[in-house]
Amino acid sequence: MSLVLTCLTDHEKLSRDSLEVLGAGKILAAELGARLAAAVIGAETGALCAAAGEYGASKIYSVQDDTLEQYYCEGYLAALEAVCRESEPAAVLFVTNTQGRELAPRLARRLGKAALVDCLNFSVNRETGCIIFTKPVFGGKAMAQAVLGGFPAVVALRRRSFEPAQPEQVEPEIIQVKPASIPPNPFKLIERVEEQQAGVRLEDARVVVSGGQGLGGPENFAMLEELASLLGGAVGASRVAVDSGWVSSSKQVGQTGKIVAPDIYLAVGISGACQHLAGCSGSKVIVAINTDPEAPIFGAARLGVVGDYRDILPPLIEKVKEIV
Amino acid sequence: MQIMVCLKQILDPELPPRDFRLKQGEMAPVTEGIPLVMSSFDQNALEVGLQLREKMAGATLTAVTVGPEGASDVLRKALAVKADQAVRVPLEQDCKLSSRIVAVLLANAARQLRADLVLCGRQAGDWDGSQVGLTLAEELGWPCANLVTGIEPGPGGLVLRRELEEGYELIEGSAPLVAVVTNHETNVLRIAKVKDTMAAMRKKVEIFEPDGIKADLQGGGIELVSLEIPVKEVNCEIIPGEDGREKADNLIKRLLELKVL
């Protein structure tokens, strides 16, 4: 029976990303009539093996080695290559996060295959058994469907494109894999600066208030911060605002930034480039505030306010204070 | 230190969606009459390379592109911001999602140039493949740092600033290596002086023929089966109001009605 291998790059606990890849893997395995497998890597993988089993992975490939205590690309690649050679999966799935983004193309190359990154969906052609992947191209202006030649098909799926897997206890078969050699990290860590997040994480926020070029400077983000915090939400930004140095890049929403799916996405002074919309199109209601009624953002928003945000946000903040 | 920066010429990504069209039956966009530009993350990579060169005595920077003759425009742009040298690897076809082909050609160029450091943008703004830099590193067997925003010379080699999900890290590596660059306020490409732009028009673009590897260029392991422009069915409801206050009130009312507030 063929395998769909999901690559979990967490330590100890399964992240939302890993649950999503397991969720997607379950769907693909059902379509292919394959078994859902997971690769777990670390110095001590026991807890992750158990967690993957609780979410439906019936075959777990574990690579346990002291050198793999912390994630590093070269080490994980060696581990995943060994797992793929041992398991011969039909498909290898990642999430397009920092790790999946670099692992998928390099792993595929080592297996003599090509990869696809940032895929939104897949379907299986019943006659040929081919898996057809859908991927946005041209910054989201077009959708491409593509087939990867040969097996495995190595793919990284866009975050928030699949529902996280639901608990489903299976008694997993655990296979320990020993790579022939694990190369050391070619890079030495000098310093890691983790940004302290005040309030909710952007990706988990129920309300996101984002600002763009129209804000004209960093000082005006204060108003957005106030509104977001009143609503228990988080502040996001367009790429222009990040490139101008108004906010840190961890706030960037879009194809190459954070992918968010809040109940309300309030886009303030954002023109609405496709690559930005790619990061917020899963929102329940997009609200656009913009002075230019022709701005593309109105083509994507459910509700639009034409006007200067400086006239609209202050009364909006007052009103929100009354009701929350 | 030989720095090689990989640049791609693409359809202007700022083109509004309403002007973006596909060629009939070709799985390719209409390019006639649409400006072609240097892919934006490649601009960031170029700026990172220029800043590093300024800090390293004797370093040279070579801009390389894979593409048809017209793609030399991005090389001229690089020469205008003072790249030392420009190289084009001629390739008529658009590789679309088959990044492998481009990675093989660029790896070959890196060997020919005896490059120590190869810089690429994280993804091209046309096909968004996101893998040329990473697979190029595999082709060369070099270490690769992804999502780099800046590079400085350090005591033990090069110090790279790398974006994390929340924050950043500084890592040290030694050449040869590949760095895949993402955007940051510190790496927005400088603007060329008019006289340098003029001078760049007269500079020579070297040609590296991809002779020996032509046989390898079929397919690249990815078959594109369809390309479509998605149909958007959003009808934006414009919130009425005479002034800001009225608009704000009406907006809150609608959000409450939609049960999202």
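Residue numbers (our numbering), protein chains in the order written: chain A, 1 to 324; chain B, 1001 to 1261.
Glycine included, C-beta positions come from ideal geometry on N, C-alpha and C.
Please read these numbers as outputs of a predicted model, since none were measured by experiment.
Asked, Found
"Where D118/A sits in the DSSP three-state scheme", "strand"
"Boundaries of the beta strand (DSSP E) in which M143/A is found, first to last residue", "A142 to L148"
"Alpha-carbon spacing of K188/A relative to D1243/B, whole angstroms", "57 angstroms"
"Any chain B beta carbon closer than 8 angstroms to K13/A", "no"
"G33/A, DSSP secondary structure in three states", "coil"
"Selected residue, minimal CA-CA separation from V208/A, among R158/A, R109/A, T256/A and I286/A", "I286/A"
"C1236/B versus G232/A - alpha carbon distance", "25 angstroms"
"Alpha-carbon to alpha-carbon, E88/A and E1185/B", "43 angstroms"
"Selection of the stretch 53 to 70 of chain A by Cβ proximity to chain D, strictly under 7 angstroms", "Note that chain D does not occur in the displayed structure, where the protein chains are A and B."
"Complete beta strand (DSSP E) runs within the stretch 1221 to 1258 of chain B (minimum length 3 residues, chain order)", "1222 to 1228"
"Proximal residues to Y1168/B (C-beta, below 7 angstroms), its chain only, five neighbours per side dropped", "R1161 and R1162"
"Within the stretch 184 to 249 of chain A, ranges of the beta strand (DSSP E) (whole runs, at least 3 residues)", "188 to 194, 207 to 211 and 234 to 237"
"First through last residue of the alpha helix (DSSP H) which encompasses G100/A", "T98 to R110"
"Whole-angstrom distance between V268/A and G1241/B, CA atom to CA atom", "18 angstroms"
"Whether T1065/B touches L1117/B by CB criterion (8 angstroms)", "no"
"Buried or exposed by the 16-neighbour rule on C-beta atoms within 10 Å, applied to L1256/B", "exposed"
"Per DSSP, the bridge partner or partners of E1163/B", "Y1168/B"
"Distance CB(V305/A)-CB(G279/A) smaller than 8 angstroms", "no"
"DSSP state of V1081/B mapped onto helix, strand, coil", "coil"
"Chain-ordered neighbours of T1182/B on chain A, where CB pairs are closer than 9 angstroms", "S249 and T256"
"Spatial distance of L103/A from E1138/B (CA atoms)", "11 angstroms"
"Backbone secondary structure at V1195/B - three-state DSSP", "It is worth fixing the name first, because residue 1195/B is Lys in this sequence and not Val. Three-state DSSP puts K1195/B in a helix."
"Nonlocal neighbours in the same chain, by C-beta distance under 6 angstroms from L325/A, ignoring five residues either side", "Absent from the structure is residue 325/A, since the part of chain A shown begins at 1 and ends at 324."
"Close beta carbons around G199/A, own chain, < 7 angstroms, minus the five adjacent residues each side", "S229 and A234"
"Residue-chain proximity (I1191/B, chain A), Cβ-Cβ < 8 angstroms", "no"
"Proximity to R109/A [Cα-Cα], best of A91/A, N125/A and E81/A", "E81/A"
"Proximal residues to Q1123/B (C-beta, below 7 angstroms), its chain only, five neighbours per side dropped", "F1041, G1129 and S1130"
"Chain-ordered residues of the stretch 1089 to 1118 of chain B with a beta carbon less than 9 angstroms from chain A", "K1096, L1097, S1098, S1099, R1100 and A1103"
"Cβ of E194/A within 8 angstroms of any chain B Cβ", "yes"
"Range covered by the beta strand (DSSP E) that runs through A153/A", "A153 to L157"
"Residues sharing a beta bridge with A1086/B, DSSP", "A1063/B"
"Straight-line Cα distance separating S238/A from H276/A", "6 angstroms"
"Within 8 angstroms, strictly: CB atoms of E1206/B and Q1093/B", "no"
"Closer than 9 angstroms at the beta carbon, the chain A residues around L1147/B", "T98, R101 and E102"
"Integer Cβ distance of L1046/B from A1078/B, believed to fall under 8 angstroms", "6 angstroms"
"Spatial neighbours of Q64/A in its chain, beta-carbon cut-off 6 angstroms, leaving aside the 5 residues before and after", "T45"
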